[in-house]
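The structure under discussion appears below in the form of structure tokens.
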Amino acid sequence: MTAQLDSILGYIDKLNTLDTSKVEPTTTVIPMVSVMRDDEIRPSLKQEDALANAPDRQDVFFRVPRIIED
Amino acid sequence: MELYRLTIHELRDLIQKGEVSPVQAVQSYLVRIGQLEDQIQAFMTLTTRPAVAFAKKYEEMQARKEKLPPLAGIPLAIKDVICTKGVPTTCSSKILENHIPPYNATVMTRLNAAGALMLGKTNMDEFAMGSSTENSAFKKTKNPWNLGCVPGGSSGGSAAAVAADMCAGALGSDTGGSIRQPGGFCGIVALKPTYGRVSRYGLVAFASSLDQIGPLTKDVRDAAILLKLIAGHDPLDSTSANIQVPDYEAALTGEIKGLRIGIPNEYFVPGMDPEVESAIHEAIKVLEGLGAVQEKVSLPHTDYAVATYYLVAPAEASSNLERYDGVKYGYRTPRSDHLIDMYMKTRREGFGPEVKRRIMLGTYALSAGYYDAYYLKALKVRTLIRQDFTEAFKRCDVIVTPTSPTAAFKFGEKTDDPLQMYLSDILTISANLAGMPGISVNCGFTRSGLPIGLQIIGKPFDEATILKVAHAYEQATPWHTQRPRL
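Chains as they are written, first to last, in the working numbering: chain P, 2 to 71; chain L, 149 to 634.
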């Protein structure tokens, strides 16, 4: 795995041969603005549906191993 | 002619006229799947009972002479990266092996409303990361044209199912070529829409600025039909464009006189199979014969596209895949001491090697001290790649290239060296980085009988033109009528 990652990073280095000092980064390829909607309550996922795939649950909670290590 | 051989539009016409029952159509495909699935291994899950139940419902509507929805009874296959309510959606990963989404992707809601039936979910490279479907955690899908060869990836299951007439059409997803490349390898039509054309709501996210859902079909008219159904603004996806959806079927006029086709010399890469190169040149001659005009264009930053993609996509993936932590859904490691231990073991055990490779690359590219040198740099090169296309499109209407430097390779041929696998994406990747739509159609076969893909890339939201060119080419050539011998 390490050798493969090294080889990939080595290949990626070719980007450094390009002068991008005057180039703006592209974060989105379509004109995007923050999309908003009115703050009104709409139907959302039922609690039982949300819990249905839980690996471990108790009542309406997802149960996980203890959070604090010793 | 067996019903399973028909295209979506042929079957649609027969069902709408009441000449064929949707139940007959579904049964034909189910028998076909029964005959071939052991060999091809295209499906992760089959949804036989609901498909037949819905087919019966439409058959009853037919009997009562009620107006049917436009795709009533048409059996489709859906890549297992698309959320289907109540039906397992695994992304071909152990970490989602038993995952059943509580909601439908928007594309599914639209297909269901149109009356289409789902035959099942198809196999893929795990989390859509791969170019051969060999990264599936569960099974190996074969190329129907040669069972010793890969179907391509990551939508290999969908592509194989369409090519083998195991469905009337399919949906896939494309982040770096994952619809077009398997489409090319399997000799079918495969379209990646403009970024934002089709809603990503319910598409399990790999790279949010690159992912798009698109159709894989037996002919171009079918791709136009499916695209019209799934495209369009969705309030549930804030990256979906609020741009009207044209009547793509109506665009298939066959008229391409005077259309300027751009040929970028950078896309005829060293190491390209000479049979592929000559098939593409023949295809260009066919287009010229139909009245199109060749323009030489240049996409000078092509050589940097793979490097750019393998920074941007893994970076976005490293963020999108953080959610697989064993807490609320998916696989959880059976034994752990505390929460962090649980996270680490769950992800170590649940993810395959390629997914881990990309998460690590992506995390590294975004990490403090490396962000500017890697991720930010890649975003700037992305701008240059997009500008290449914008410049080229001032001089042409579409850009025509091979879909892949080679035809389908053999299993195991590229699995030892991930970089070799990445480099095979060179011809499809730029369209994702730039957000442009692209379609692959069959343009011939190698001497050994493997399909060769012709790619047509278009301007943003100009799927109508790439469909028109693809259709004109298809109708002037015999390739689309050929089927693998199975």
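Using N, Cα and C, we set each Cβ at its ideal position, and we do this for glycine too.
* Just grab the DSSP bridge partners of L/Lys558 for me. => Note: L/Lys558 sits in a beta bridge opposite L/Cys297.
* Could you name the residues that DSSP lists as bridge partners for L/Ser588? => Assignment of beta-bridge partners to L/Ser588 by DSSP yields L/Ala338, L/Gln603.
* Is the region 315 to 325 of chain L close to the region 541 to 548 of chain L, with three or more CB pairs under 8 angstroms? -> Contact fails: fewer than three Cβ-Cβ distances are below 8 angstroms.
* To do: Within 10 angstroms of the Cβ of L/Ala211, are there 16 or more other Cβ atoms? Answer buried if so, exposed if not.
  => With a 10 Å radius around the Cβ and a threshold of 16 neighbouring Cβ atoms, L/Ala211 comes out exposed.
* Asked: Going along the chain, which unbroken runs of the alpha helix (DSSP H) with 4 or more residues stay wholly within the region 427 to 483 of chain L?
  -> Segments of the alpha helix (DSSP H) lying fully in the region 427 to 483 of chain L: 453 to 468.
* Where does P/Leu46 sit, in a helix, a strand or coil, going by DSSP? -> In this structure, P/Leu46 counts as coil in the three-state DSSP scheme.
* Asked: Grouping DSSP H, G and I as helix and E and B as strand, with all else coil, what is L/Arg636?
  -> Coverage of chain L is limited to positions 149 through 634, which leaves residue 636 of chain L absent and any answer about it impossible.
* To do: Kindly list the residues whose CB is nearer than 7 angstroms to the CB of L/Thr481, restricted to its own chain and excluding five residues on each side of it in sequence; keep chain order.
  => Non-local beta-carbon contacts of L/Thr481 in its own chain, meaning distances under 7 angstroms to residues more than five positions away in sequence, involve Gly474, Met490, Lys493, Thr494, Glu497 in chain order.
* Asked: Do you know offhand how far L/Lys227's Cα is from L/Asp382's?
  -> The alpha-carbon of L/Lys227 is positioned some 20 angstroms away from that of L/Asp382.
* To do: Could you have a look at P/Ser8 and say whether DSSP puts it in helix, strand or coil?
  => P/Ser8: helix per DSSP, three-state reduction.
* Can you name the residues of chain P whose CB is closer than 9 angstroms to the CB of L/Asp485? -> Think of a sphere of 9 angstroms around the beta carbon of L/Asp485: the chain P residues whose beta carbon falls inside it are Pro66, Arg67, Glu70, Asp71, in chain order.
* To do: Decide yes or no for the touch test of the region 262 to 274 of chain L against the region 206 to 223 of chain L: beta carbon pairs closer than 8 angstroms, at least 3 of them.
  => With the rule of 3 Cβ pairs closer than 8 angstroms, the region 262 to 274 of chain L counts as touching the region 206 to 223 of chain L.
* Asked: So the beta strand (DSSP E) L/Gln360 belongs to, where does it begin and stop?
  -> Unbroken beta strand (DSSP E) run through L/Gln360: 360 to 365.
* Who are the near neighbours of L/Leu194 in its chain, counting only those whose CB is closer than 6 angstroms to its CB and skipping five residues on each side? -> These residues qualify, in order along the chain: Gly268.
* Asked: Using 8 angstroms as the limit for Cβ to Cβ distance, is L/Val529 near chain P?
  -> Yes - at least one Cβ of chain P is within 8 angstroms of the one on L/Val529.
* Of the residues L/Tyr523, L/Arg345, L/Ala307, which one's Cα is nearest the Cα of L/Gly335? -> The candidate whose alpha carbon is nearest that of L/Gly335 is L/Ala307.
* **Contact set between P/Phe63 and chain L, taken where Cβ atoms lie within less than 7 angstroms** => Neighbours of P/Phe63 on chain L, chain order: Val475, Lys476.
* Asked: Is L/Ser241 buried or exposed, if buried means 16 or more other CB atoms sit within 10 Å of its CB?
  -> If you draw a 10 Å sphere on the C-beta of L/Ser241, you find 16 or more other C-beta atoms in it, and that means buried.
* Residues that P/Asp50 contacts on chain L, provided the C-beta gap is smaller than 9 angstroms -> Ordered by position in chain L, the residues that pass the 9 angstroms Cβ test against P/Asp50 are Pro250, Tyr251.
* Asked: Taking Cβ-Cβ distances below 7 angstroms as the criterion, which residues of the region 12 to 32 of chain P are in contact with chain L?
  -> Flagged, chain order: Tyr12, Ile13, Lys15, Leu16, Leu19, Thr21, Val24, Glu25, Pro26, Thr27, Thr28, Thr29, Val30, Ile31.
* Just checking my contact of P/Pro66 with L/Leu487 at CB under 8 angstroms: how many whole Å lie between their CB atoms? -> The C-beta distance from P/Pro66 to L/Leu487 rounds to 5 angstroms, short enough to meet the 8 angstroms contact threshold.
* Interface residues of chain P facing L/Met490 [CB-CB closer than 9 angstroms] -> Residues of chain P passing the Cβ test: Val65, Pro66.
* Looking at chain P, which residues of the region 340 to 355 of chain L have a Cβ within less than 7 angstroms of any of its Cβ atoms? -> Cβ contacts with chain P come from Tyr343, Gly344.
* So is P/Gln5 in contact with chain L if we call contact Cβ pairs under 8 angstroms? -> Yes, its Cβ sits closer than 8 angstroms to a Cβ of chain L.
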